[in-house]
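See structure below.
Numbering (the working numbering), first residue to last: 6 to 176.
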């Protein structure tokens, strides 16, 4: 009987703590969604493209065009990064790609970060605007030299799809 009561109590405690965690996650997601709402246009910038050389056929310009084309296909207007810096809040979606070879194995680890940056004022020093990350997703993986460009494109596409879904929820 004691085991049965303990099991019921523990199950209830687990359910309660899980619901609290889900509420916190929802608040964080809602904060990110509010930060990308009511934006009719923003810039696209490839801010980091580095790592070991893998005879890449993919370039910064190609990634930038791919991101812009994907967003345009979803009805989201983008402008040049320098033009976006003149907009209120200087909103930009930024892409970072890093690649490192594991020893001389021919396998490459990579990370791709897609983040939305816009100016924000600090509460205690609200005179100056600071670039703040207001939405971010990332992914990591590994691939052979031959498959790396394709894997990077698939990863970038997946992260852009996540952004488009979130953007369309609030715009």
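Note that beta-carbon positions come from the ideal geometry of N, C-alpha and C, so glycine has one too.
Neighbour-count burial assignment, residue i, 16 or more Cβ in a 10 Å radius
{"i": "residue 123", "result": "buried"}
{"i": "residue 133", "result": "exposed"}
{"i": "residue 219", "result": "Nothing can be reported for residue 219, as the shown portion of the chain is limited to 6 through 176."}
{"i": "residue 99", "result": "buried"}
{"i": "residue 33", "result": "exposed"}
{"i": "residue 127", "result": "exposed"}
{"i": "residue 108", "result": "exposed"}
Cβ neighbours of residue i in the same chain (closer than 8 Å, five flanking residues each side left out)
{"i": "residue 158", "result": "63 and 71"}
{"i": "residue 110", "result": "none"}
{"i": "residue 115", "result": "56, 102, 103, 104, 105, 145, 146, 147, 148, 153, 156, 157 and 160"}
{"i": "residue 52", "result": "99, 100 and 101"}
Option nearest residue i by Cα separation, candidates the options
{"i": "residue 149", "options": "125, 105, 117 and 132", "result": "105"}
{"i": "residue 86", "options": "69, 79 and 76", "result": "69"}
{"i": "residue 56", "options": "132, 173, 113 and 48", "result": "113"}
{"i": "residue 44", "options": "97, 52 and 108", "result": "97"}
{"i": "residue 66", "options": "143, 89 and 50", "result": "50"}
{"i": "residue 73", "options": "35, 117 and 48", "result": "48"}
{"i": "residue 162", "options": "38, 75 and 35", "result": "75"}
Backbone secondary structure at residue i - three-state DSSP
{"i": "residue 116", "result": "strand"}
{"i": "residue 90", "result": "coil"}
{"i": "residue 30", "result": "Any reading at residue 30 must be qualified, since the residue scores a pLDDT of 48, below 50, and its modelled position is unreliable; no value is offered."}
{"i": "residue 148", "result": "strand"}
{"i": "residue 40", "result": "helix"}
{"i": "residue 85", "result": "coil"}
{"i": "residue 49", "result": "strand"}
{"i": "residue 169", "result": "helix"}
Beta-carbon proximity list for residue i, same chain, < 7 Å, skipping 5 on both sides
{"i": "residue 41", "result": "121, 139, 140, 171, 172 and 175"}
{"i": "residue 136", "result": "122 and 124"}
{"i": "residue 95", "result": "89, 123 and 124"}
{"i": "residue 54", "result": "65 and 102"}
Close Cβ partners of residue i (< 6 Å) along its chain, the five nearest in sequence each way excluded
{"i": "residue 46", "result": "82 and 84"}
{"i": "residue 3", "result": "This structure does not reach residue 3, given that the chain is present from 6 up to 176, and the question cannot be answered."}
{"i": "residue 30", "result": "Unreliable placement is indicated for residue 30, whose pLDDT of 48 sits below 50; no coordinate value is reported for it."}
Worksheet item: Is it a yes or a no for the stretch 74-91 touching the stretch 166-174, going by three-plus beta-carbon pairs under 8 Å?
Response: yes
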